[in-house]
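Protein chains in written order, with the working numbering: chain A, 1 to 505; chain F, 506 to 604. To start, the structure under review is shown below, and the notes come after it.
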Amino acid sequence: MNGTDENPLDLLPEVLLAGCAVLALLLGCWLPRHRQWLAGALAVTGCAAGLVAAAVAAAGPTGTAFDASYAVDPVTSTGRIVILGGTLLVLLLSLTSPWLRAAPRETEFYVLVLLAAVGAVLLAGAQDLLLLAAGYLLASVPAYALAGFARDGRGTEAALKYYVLGALLGVLLLTGVTVLLAAGHGTGYPALRRELPDAPVGLVITGGLGVLAGVLFKSGGVPAHYWLPDAVQGSLAPVGAFLTTVPKIGALAAGYRLAAGPLADTGRWWPDLVAVVAVASMTLGNLAAFSQRDVRRLLAYSTISQVGYLLLPVAVAGRTALDQRALLFYLAGYAVTNLGAFAVVCALPRARHLADYRGLARERPALAVALVVCLLGLVGTPPTAVFLGKLAVFSAAFDAGYTWLAVVAAANTVASLFYYLRWIAPTVLGTAPPGDEDRDGDGGRVGNGNAGRAGADPLAGGHATGDATFAGGAVLVAYPAAAASVLLGLLGGPVLDLLAGPLAG
Amino acid sequence: MNPVNYLYLSALLFTIGAAGVLVRRNAIIVFMCVELMLNACNLAFVTFSRIHGNLDGQIIAFFTMVVAAAEVVVGLAIILMIFRVRHSASVDDANLMKL
């Protein structure tokens with residue numbers, strides 16, 4: 001606790017992102033509608049510059065910034081790189097999508113994405129409960145607006161559900177912060193770690209529950225997952241990709257930091273509780289995914305079950321040496337694989353149901369390969385990144401003495417193969433007459449060739465002329481993401497070693 | 506005055522708000538109840554700040570007020586939008602998407 005760590009350059013990636021958001025908003029005010037993509041280009045530039053700054057910071061020493069309230073350590077660095085990379089892919093998905101091009105509020109979309117990304121990064125690095133609460137709200141408020149961006153019936157309903165649940169769980173998070181403040185006489189993690197073991201156990205557990213509620217909401221874990229399927233199904237596809245990837249990374253890093261820091265020495269209630277939540281998340285996510293026919297809803301439930309696996313290292317944080325590497329590697333692998341699957345969904349805007357993918361392998365073989373790689377990746381098939389991530393996560397749970405947790409997670413992994421295969425089978429084996437992907441009439445919220453009306457109404461959008469069945473730009477994200485998923489799996493060893501290193505503070 | 510009394514008041518406000526969120530159907534009322542819970546938190550923050558003799562709680566209370574204002578703006582916009590689309594502000598009527 002001294003004044004020597006007040007160097008704004010420690011926060012360069014965050015400053016770049018926030019600055020670009022403000023600049024893009026100003027730029028958007030003055031640009032004519034058909035040149036609003038420049039704001040998107042600025043946002044992409046900001047993300048890329050932030051990525052470079054984050055990579056430089058990752059190579060530098062571990063430390064804290066601003067009175068030890070913000071950590072610059074492997075967790076923050078990996079969080080920054082994955083969040084910025086994910087945001088970059090989402091921005092590319094949006095820029096190449098026909099529905100956003102020259103829409104009346106195009107600039108606002110990029111700005112909201114950037115601000116939500118800043119919030120997620122702050123969540124990952126926060127070492128102070130105040131910053132945690134601020135990061136939660138900064139990551140949530142733009143995301144509510146993004147969910148309802150299309151302003152149609154479903155999008156609005158998704159935004160309402162997302163908002164009501166988010167506001168309620170945000171209050172629970174703040175209540176948790178209040179109680180921890182009462183128990184620990186402070187908000188900084190180092191001080192809390194000293195004080196909490198001597199505080200009344202009831203207070204610590206109540207506070208921990210409140211904070212966990214906030215973390216679960218942002219990561220989309222059971223029992224705070226109700227918003228996720230509706231938000232992903234009802235909002236635009238790139239928004240769904242964003243909501244299921246970027247805030248999760250920040251929230252899980254925040255949960256890990258809490259578990260390894262202030263709550264580490266307060267007893268076994270935290271690992272046991274988070275283990276139960278993890279099992280509920282992976283099991284209920286899988287069970288609900290079995291019966292889905294809408295691809296986005298299926299992906300949403302698949303992410304809920306993925307959060308279950310990702311919560312394993314959060315549960316065993318500080319009880320094994322493998323936890324941090326496992327969490328960070330799985331997060332990176334999950335982000336790139338999930339974004340790849342969503343990119344394929346974005347590329348086929350009118351194929352909303354599993355049946356619409358019948359015969360994709362014949363018509364667009366490359367896209368089908370990307371989809372199959374990403375879906376098998378999400379299952380955890382070698383040699384993809386998620387396979388290594390799952391392996392690392394299971395060994396962390398095993399190493400910490402939670403063998404039953406590793407066994408349940410492995411059983412759930414096998415069960416999850418079923419619903420991914422329900423998607424893969426028609427894609428690879430099915431045959432369909434040319435152009436049959438778009439026979440589902442209600443699919444076309446996007447790309448109807450009429451830019452001014454883009455996204456106005458999902459039911460009316462599909463009847464216009466133009467190539468609405470294939471948004472070619474999205475493959476620019478789908479192929480690299482699928483390739484990265486495999487590459488990250490092949491290069492797993494060296495990458496895993498990079499992710500080790502002590503937490504700051 | 507004993508600062509613990511403020512904590513009792515805060516707990517009471519929080520309970521009223523939580524009951525309202527769980528029981529009421531109108532989105533605006535749900536929303537106001539959430540704000541009531543938020544302000545119960547703020548009161549507790551300031552009280553703990555007073556009890557501990559440091560400023561941590563007061564700073565959080567200020568932060569919460571500012572950010573909650575931003576949240577309110579977005580929330581009211583969403584409720585207004587759903588009222589335009591569905592002609593109802595009841596959270597039970599939002600049922601386009603289900604399992």
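C-beta atoms are modelled at their ideal positions from N, C-alpha and C, and glycine is treated no differently.
Where residue i meets chain F, residues with beta-carbon distance less than 7 Å
{"i": "A/VAL141", "result": "ALA575, GLU576 and VAL579"}
{"i": "A/ARG154", "result": "LEU601 and MET602"}
{"i": "A/THR64", "result": "Within chain F, no residue comes near A/THR64; the closest Cβ sits about 17 Å away, beyond 7 Å."}
{"i": "A/THR266", "result": "Simply none; closest approach about 19 Å."}
Under the three-state DSSP convention, the category residue i falls into
{"i": "A/ALA126", "result": "strand"}
{"i": "A/ASP5", "result": "helix"}
{"i": "A/VAL56", "result": "helix"}
{"i": "A/VAL428", "result": "helix"}
{"i": "A/TYR70", "result": "strand"}
{"i": "F/HIS557", "result": "helix"}
{"i": "A/ASP265", "result": "coil"}
{"i": "A/PRO502", "result": "coil"}
{"i": "A/ASP356", "result": "helix"}
{"i": "A/GLY517", "result": "The displayed coordinates of chain A run from 1 to 505. Any statement about residue 517 of chain A would go beyond what the structure contains."}
{"i": "A/GLY188", "result": "strand"}
{"i": "A/ASP152", "result": "coil"}
{"i": "A/VAL222", "result": "coil"}
{"i": "A/GLN36", "result": "coil"}
{"i": "A/SER235", "result": "coil"}
{"i": "F/MET537", "result": "helix"}
{"i": "A/ARG105", "result": "coil"}
Contact set between residue i and chain F, taken where Cβ atoms lie within less than 9 Å
{"i": "A/LYS161", "result": "VAL596, ALA599 and MET602"}
{"i": "A/GLY145", "result": "The sequence shown places Ala at residue 145 of chain A, not Gly. Ordered by position in chain F, the residues that pass the 9 Å Cβ test against A/ALA145 are VAL579, ALA582 and ILE583."}
{"i": "A/THR96", "result": "The premise fails here: A/THR96 is roughly 27 Å from chain F at the closest Cβ pair, so nothing lies under 9 Å."}
{"i": "A/THR427", "result": "Under the 9 Å cutoff, chain F gives no residues; its nearest Cβ is about 24 Å from A/THR427."}
DSSP beta-bridge partners of residue i
{"i": "F/SER595", "result": "F/ASN531"}
{"i": "A/ALA65", "result": "A/TYR70"}
{"i": "A/ASP10", "result": "Bridge partners of A/ASP10: none, in fact."}
{"i": "A/PRO294", "result": "It should be noted that the sequence gives Asp, not Pro, for residue 294 of chain A. For A/ASP294, which the question treats as bridged, DSSP gives the partners A/HIS353."}
8 Å Cβ cut-off: residues of chain A touching residue i
{"i": "F/ALA568", "result": "The amino acid occupying residue 568 of chain F in the given sequence is Phe; Ala does not appear at that position. The contacting residues are LEU130, ALA133 and ALA134."}
{"i": "F/ALA524", "result": "Simply none; closest approach about 13 Å."}
{"i": "F/ALA532", "result": "LEU160 and VAL164"}
Within chain A, partners of residue i - CB distance below 7 Å
{"i": "F/GLY562", "result": "LEU181"}
{"i": "F/MET586", "result": "GLY148, ARG151 and THR156"}
{"i": "F/VAL509", "result": "Within chain A, no residue comes near F/VAL509; the closest Cβ sits about 11 Å away, beyond 7 Å."}
{"i": "F/VAL572", "result": "ALA134 and LEU137"}
{"i": "F/VAL528", "result": "What F/VAL528 touches in chain A: nothing, since even the nearest Cβ is about 13 Å away."}
Chain-ordered chain F contacts of residue i [CB-CB under 8 Å]
{"i": "A/THR187", "result": "ASP561 and ILE565"}
Partners in chain A for residue i, counting only beta-carbon separations shorter than 9 Å
{"i": "F/VAL539", "result": "VAL164, ALA167, LEU168, GLY170 and VAL171"}
When you check each C-beta in the stretch 225 to 236 of chain A against every C-beta of chain F, which residues fall closer than 9 Å?
-> Residues PRO229, ASP230, GLN233 and GLY234.
Near-chain A residues of the stretch 541 to 557 of chain F - C-beta to any C-beta below 7 Å | If you check each beta-carbon in the stretch 541 to 557 of chain F against every beta-carbon of chain A, the ones closer than 7 Å belong to MET542, LEU543, CYS546, ALA549, PHE550, PHE553 and HIS557.
Hey, is the stretch 372 to 384 of chain A in contact with the stretch 248 to 255 of chain A, meaning 3+ C-beta pairs nearer than 8 Å?
-> No: the two stretches stay apart, fewer than three of their Cβ pairs being nearer than 8 Å.
Specify whether the stretch 305 to 324 of chain A and the stretch 392 to 400 of chain A touch according to this definition: at least 3 beta carbon pairs, one from each stretch, less than 8 Å apart.
-> Contact holds: three or more Cβ-Cβ distances are below 8 Å.
Using a Cβ-Cβ cut-off of less than 7 Å, list which residues of the stretch 200 to 216 of chain A approach chain F; keep chain order.
-> Result list empty, no residue passes.
Between the stretch 42 to 51 of chain A and the stretch 16 to 25 of chain A, do three or more beta carbon pairs fall short of 8 Å?
-> Touching, yes, given that three or more Cβ pairs across the two stretches are closer than 8 Å.
Anything in the stretch 164 to 176 of chain A with a Cβ closer than 9 Å to a Cβ of chain F? List those residues in chain order, please.
-> From the stretch 164 to 176 of chain A, only VAL164, GLY166, ALA167, LEU168, GLY170, VAL171, LEU172, LEU174 and THR175 have a Cβ closer than 9 Å to chain F.
Evaluate contact between the stretch 166 to 181 of chain A and the stretch 544 to 562 of chain F, counting only Cβ atoms and requiring at least three cross-stretch pairs below 8 Å.
-> These segments touch.
For the stretch 134 to 148 of chain A against the stretch 186 to 202 of chain A, are there 3 or more C-beta pairs whose distance is under 8 Å?
-> In short, these stretches do not touch, since the Cβ pair count stays below three.
Okay, do the stretch 332 to 348 of chain A and the stretch 470 to 484 of chain A touch, 3+ Cβ pairs below 8 Å being the bar?
-> In the pairwise beta carbon analysis, the stretch 332 to 348 of chain A is classified as touching the stretch 470 to 484 of chain A: at least three pairs are separated by under 8 Å.
Touch check for the stretch 198 to 207 of chain A and the stretch 285 to 292 of chain A: three-plus C-beta pairs under 8 Å?
-> The stretch 198 to 207 of chain A, when compared against the stretch 285 to 292 of chain A, does not touch it at the 8 Å Cβ threshold.
Would you be able to state if there are at least three C-beta pairs under 8 Å between the stretch 123 to 140 of chain A and the stretch 98 to 112 of chain A?
-> The stretch 98 to 112 of chain A is not in contact with the stretch 123 to 140 of chain A.
Identify each residue in the stretch 292 to 307 of chain A for which the Cβ-Cβ distance to at least one residue of chain F is less than 7 Å, and report them in chain order.
-> Residues passing the 7 Å Cβ filter: none.
Contact residues within the stretch 317 to 343 of chain A, judged by C-beta distance below 7 Å to chain F | Those residues of the stretch 317 to 343 of chain A that come within reach of chain F (Cβ to Cβ, closer than 7 Å) do not exist; the list is empty.
Against chain F: residues of the stretch 104 to 116 of chain A by CB proximity under 7 Å = Per Cβ criterion, the list is empty.
Would you check if there are 3 or more beta carbon pairs closer than 8 Å linking the stretch 208 to 224 of chain A to the stretch 575 to 583 of chain F?
-> Short answer: they don't touch.
Just checking, does the stretch 232 to 245 of chain A make contact with the stretch 292 to 311 of chain A on the three C-beta pairs under 8 Å criterion?
-> Contact holds between the stretch 232 to 245 of chain A and the stretch 292 to 311 of chain A, because three or more Cβ pairs, one in each stretch, are under 8 Å apart.
Could you tell me whether the stretch 368 to 377 of chain A touches the stretch 261 to 270 of chain A, where touching means 3 or more Cβ pairs closer than 8 Å?
-> Touching, no.
If we count Cβ pairs, one from each stretch, closer than 8 Å, do we get three or more for the stretch 506 to 517 of chain F versus the stretch 483 to 494 of chain A?
-> Short answer: they don't touch.
Say whether the stretch 63 to 75 of chain A touches the stretch 4 to 17 of chain A, bearing in mind that this needs 3 or more beta-carbon pairs closer than 8 Å, one atom from each stretch.
-> Taking 8 Å as the limit for Cβ pairs, the verdict is that the stretch 4 to 17 of chain A does touch the stretch 63 to 75 of chain A.
Three or more C-beta pairs below 8 Å linking the stretch 325 to 339 of chain A and the stretch 401 to 421 of chain A | These segments do not touch.
Report the residues of the stretch 267 to 288 of chain A with a CB closer than 8 Å to any CB of chain F, ordered along the chain.
-> The stretch 267 to 288 of chain A vs chain F, Cβ under 8 Å: ALA288.
Count the CB pairs spanning the stretch 239 to 250 of chain A and the stretch 110 to 118 of chain A that are closer than 8 Å, and state whether there are at least three.
-> The stretch 239 to 250 of chain A is in contact with the stretch 110 to 118 of chain A.
Would you call the stretch 81 to 91 of chain A and the stretch 215 to 222 of chain A in contact, with 3 or more CB pairs under 8 Å?
-> No, the stretch 81 to 91 of chain A does not touch the stretch 215 to 222 of chain A.
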